[in-house]
Structure formats: C-alpha cells, structure tokens
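Novice:
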Amino acid sequence: MPFIEGLRCRECARAYPAEALHVCEWCFGPLEVVYDYEAIAASTSREKVAAGPKTIWRYADLLPASPEGAVDLGAGLTPLLRADRLAAELGLSELWLKNDTVNPTGSFKDRVVSVALTKARELGFKVAACASTGNLANSVAAHAARAGMRSVVCIPANLELAKVVTTAVFGSCVVALEGNYDDVNRLCAELASEYPTWAFVNVNVRSYYAEGSKTLAFEVAEQLGWQAPDHVVVPVASGSQLTKVAKGFRELYKVGLLDEGPQVRISGAQALGCAPVAAAFESGADFVKPVKPSGIAKSLAIGNPADGGYALEEVRRSGGAVGAVSDAEIVEAIRLLARTEGIFAETAGGVTVAVLAKLAATGVIKPHERVVAFITGNGLKTLDAVVNECGPTATVAPNLEAFHAAINVADWQ
Ligand SMILES: [Zn+2]
C-alpha cells in the first residue's frame, strides 16, 4: 500500500484524509499529498527500485496509488540521452535530454494519467475525464480504454487535427468546445460538481494526478547513476510539472535515494504567445497575471496557470529563470533538436530547447553545469508547426541525370 498520510492544503496547511478531495474547504487552496517519509526511507532502496517494473511504477513507494492493479500502458523509464552535438551548438559541456516523446501516447502525460486513473479506480470513480490542450486527451482516452472505463475529454475546438484523431480513436467521447483552454477548464470544473462519479484527472483528482510528474525527477536521478543534475529546464503550462519535478528531487534527498547535495536549479520555458509565468518572473511580481493565449505552442497554452505562482516560487528559490520564446524560435529549435540529436519534438519541446539556448547564451545556465532538458511531446502531433519548412529537398524524375541535376553531392565525402 502507498505510504500516504493524507492531504494538506498548500495555503493554510489544514489536513484532510486521502480521499476524493482536491481543494481546501476553508480557503479553496489546492490539496497536496503528504507521505510518511520515514516509512518510505525504511522501505525503499536503490536496489528495490532497480528490481521494480520498467515503468513509473518502480517508484511506487513515492506515488499516491497502489501499484497492484495499476492502469499501466508502460509509461516512464524513457531514455535519458547525452546530447553532445546539441550541447556543442549551445556552448554547454554536459547536456542530457529526457526523451518523453516515446511514452505510450507520445507525451509525458502518460505518467500523470497512469497515476490518476489508478487512484480514480481506488476511490471508486466510474468515468475518466479531463480538460485538455491535446496530449492529456490522448493519454486519458488510451488509459481509460486499457482500464475498460468510459472516458469524456473536453478540448478547445481549434486543436491540432492529429491530437483530435489520436484521442477519438480510443473510443473516447471527445467534446470540442468553442473557446480556449481556460474556458474548457471552467466547464470541466462545473461538470465535476454535476457528476461526482466522473474523475476529471486534472480537476477533482488533480492532487493525485500531479504526483505522477515527480517520476521525471526520479528517473533522471536514477539514470545519472543516482546523482542529481545541476540544472533542469522544464516547459511550463499549468506550472504543475515544474513544481513536481522540484518536489521529486527533494523527496529523493529526504528518503535517502540521493546523497545530500546542492539544490537542483530549475528553469521554466514558455512561448511568448502564452507567457504569464515568464512575465511575472521578468517583472519580479509575486503573482501570475492571466493572459489570453495565442501562437503555435498549443499544448502549453494555459493563460491562467493553476500552479503558476508555485512554479515561480520554485524557480526563484532554486536560482533558475523563466524564459519565453517566439513562434519562429520554437520552429527553429524543433529543427535544431531534430538535426543534431535525432529527436522530433512537438512545439512544447521546441519551446524547451529554444529557452535552453537562450538561458545558455545569457549565462543563466553556466557552461560547466550538468543540464537536463525535458522533451515532453512527440512532433508527429504538431506537424502543422513545421510542414512549411520540412518538405522534399527536390522532386525529380527517377533517373541519375535528374538526381545529379537537382542534388549537389560534391562535398559529401
Ligand atoms: Zn486551506
């Protein structure tokens, strides 16, 4: 059984039992899972983790749901690749890429959804649901299919075609709403109170769901030979992933899986089309002012980020920064990542790499730091972003003469 003590309000610290709750009745603050770290420290070890399944469930001691009966498509334990060619382009000496494009539905969301639906079943929910900018919709639909649960996903109607098709194929009820993500989220909050047996993974099961992101930190540490990186770069939409990566590293120190060391520096990445957290960081503000999203990075287009303030706090406390980049820089970075390291990322990955480049160029990321960048979604989902730049080099008749006329290979040897 998981080592949960209960839930606690992030704002006023009131304690609640580990039930189907997500906001504080007293102050409406978000509820956070609290663990018995002494018991975990006594139970867990590097050897136990190594002997576990090759999925996020190898870290079950630090997750809020029981691994027996997990809703599991094999999320996690994705490659951590040393990226020397990209590092050389950016003037860094040790860069690693956490390649979450290869998760079962092509994004890091499989980590959080596997945890959320496992917990939802434990708590007796009957229907899986979510508000999504696309990746979450894919993952909820797939995991619900695997679990034999009905699923309902709500998305903004302007979403990329690929993300709609790859959700509907799992038999999910896909509701396209005429509005942006923040409108979708608002409706889902209303639906969640209307239908108490529906588990909206990122609304009424959010406290448990968000914990799945900690596995990014756990895997990075394990894959580096149980060492922490110096600096990580995390894309920011709701801000939840960034805060959970920070929590993940702290927990590894707490339970003894990592030896004591300096705090991991954490930087956030946003697109200029939706950069409320970057703007707050830049201006020194303590709170995040909502914006109306635009631009190509639709998976990060959350104008009113639920965990934006907490993400800001983590970044400042760790000595990181939050950067923002233009659509042109995002496309350029998608291509840079693909041509230097062989990874095709969606727009969110372009955002991360472009911000990584910017922070390296401005000295926020030091050349000697061991850096990990999170590449969180697969490029096949956002072909629209690069379709104009990436076509055939030439279209020619199928004979040698035509080939040579079109393609100059003189300096290829
Ligand atoms: Zn409270």
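So the sequence shown is residues 527 to 939, counted in the numbering used here. Cβ coordinates follow ideal geometry from the N, Cα and C atoms, glycine included.
Could you name the residues whose beta carbon sits closer than 6 Å to any heavy atom belonging to ligand 1, keeping them in chain order?
Specialist: My final list is C535, E537, C538, R540, C550, W552, C553 and G555.
Novice: For I530, I'd like the list of residues in its chain whose CB is within less than 8 Å of its CB, leaving aside the five on either flank, ordered along the chain.
Specialist: Result list for I530: A544, V559, V560, Y561, D562 and P590, in chain order.
Novice: Would DSSP call Q796 helix, strand or coil?
Specialist: It is a strand residue.
Novice: Determine the DSSP secondary structure at Y836, reduced to helix, strand or coil.
Specialist: Looking at Y836 - three-state DSSP - the assignment turns out to be helix.
Novice: Spell out the partners DSSP gives L557 in its beta bridges.
Specialist: Beta-bridge pairing links L557 to C535.
Novice: So, G903 versus E872, is the Cβ gap smaller than 8 Å?
Specialist: Their beta carbons are under 8 Å apart, which means G903 touches E872 by this criterion.
Novice: What ranges does the alpha helix (DSSP H) occupy inside the segment 598-666, keeping only unbroken runs of at least 4 residues that lie completely in it?
Specialist: Listed in chain order, the complete alpha helix (DSSP H) runs (minimum 4 residues) inside the segment 598-666 are 610-616 and 635-648.
Novice: Could you spell out where the beta strand (DSSP E) holding F726 opens and where it closes?
Specialist: Looking at the DSSP string, the run of the beta strand (DSSP E) that includes F726 is W724 to F726.
Novice: Please identify the residue among R861, A772 and D610 whose C-alpha is closest to the C-alpha of V841.
Specialist: Per the Cα distances, A772.
Novice: Work out the CA separation of G875 and V638 for me, nearest whole Å.
Specialist: Cα to Cα, V638 sits roughly 18 Å from G875.
Novice: On the criterion of 16 or more Cβ atoms from any shown chain inside 10 Å, does Q796 qualify as buried, or is it exposed?
Specialist: When all chains shown are included, Q796 counts as buried.
Novice: By DSSP's criteria, L703 is part of a beta bridge. Which residues make up the other side?
Specialist: Its beta-bridge partners are P682.
Novice: Any contact of the segment 727-738 with the segment 640-651, i.e. 3+ C-beta pairs under 8 Å?
Specialist: Short answer: they touch.
Novice: P556 to G917, Cα distance in whole Å?
Specialist: Each residue's alpha carbon lies about 46 Å from the other.
Novice: Mind checking which residues open and close the alpha helix (DSSP H) that includes V803?
Specialist: Segment P802 to S809, the alpha helix (DSSP H) holding V803.
Novice: For R611, does the count of other Cβ atoms within 10 angstroms reach 16, so buried, or fall short, so exposed?
Specialist: With fewer than 16 Cβ atoms within 10 Å of its Cβ, R611 is classed as exposed.
Novice: Could you say which of A586, R608 and F554 lies nearest to D598 if we only look at CA atoms?
Specialist: Closest option to D598, Cα to Cα, is A586.
Novice: For N684 and P802, I'd like the C-alpha separation in whole angstroms.
Specialist: So the two alpha carbons sit approximately 21 Å from each other.
Novice: Kindly indicate which residue of G810, A673 and S665 has the alpha-carbon position closest to the one of E648.
Specialist: If we check each option's Cα against that of E648, A673 comes out closest.
Novice: From the DSSP secondary-structure annotation, give me the bridge partner or partners of Y721.
Specialist: Paired residue(s): none; Y721 is not in a bridge.
Novice: In whole angstroms, what separates the C-alpha of I856 from that of P831?
Specialist: Taking the straight line joining both Cα atoms gives about 21 Å.
Novice: Please identify the residue among E720, A847, A837 and L882 whose C-alpha is closest to the C-alpha of E858.
Specialist: Closest option to E858, Cα to Cα, is L882.
Novice: Would you say S640 and G738 are within 8 Å of each other, going by their C-beta atoms?
Specialist: Going by C-beta atoms, S640 is nearer than 8 Å to G738.
Novice: Identify, in the order they occur along the chain, each residue of the same chain with its Cβ nearer than 7 Å to the Cβ of D709, setting aside the five sequence neighbours on each side.
Specialist: So the qualifying residues of the chain are L703.
Novice: What is the residue span of the alpha helix (DSSP H) that V857 lies within?
Specialist: Start and end: D853 to E867.
Novice: If you draw a straight line from the C-alpha of V781 to the C-alpha of W752, how long is it?
Specialist: When rounded, the distance between both Cα atoms is 13 Å.
Novice: Less than 7 Å between C-beta atoms, sequence neighbours within five positions excluded: which residues of the same chain meet that for S571?
Specialist: Within the same chain, S571 has no close Cβ partners at all.
Novice: What's the C-alpha gap between A576 and T888?
Specialist: Whole-angstrom Cα-Cα distance: 38 Å.
Novice: Is the separation between the beta-carbon of N728 and that of A718 shorter than 8 Å?
Specialist: It is not a contact, given that the beta carbons lie outside the stated cut-off.
Novice: Where does I828 land, buried or exposed, given buried means 16+ other C-beta within 10 angstroms?
Specialist: Burial call: buried.
Novice: When DSSP labels each residue in this structure, what does N711 get in the three-state scheme?
Specialist: Looking at N711 - three-state DSSP - the assignment turns out to be helix.
Novice: Can you list, in chain order, the residues of its chain whose CB lies under 6 Å from that of T692, leaving out five sequence neighbours each side?
Specialist: Taken in chain order, the residues that qualify are N664.
Novice: How should F807 be labelled, buried or exposed, when 16 other C-beta atoms within 10 angstroms of its C-beta is the threshold for buried?
Specialist: Burial call: buried.
Novice: In terms of alpha-carbon separation, which member of D833, K740, V913 and L909 lies closest to S766?
Specialist: The residue with the shortest Cα to Cα distance from S766 is D833.
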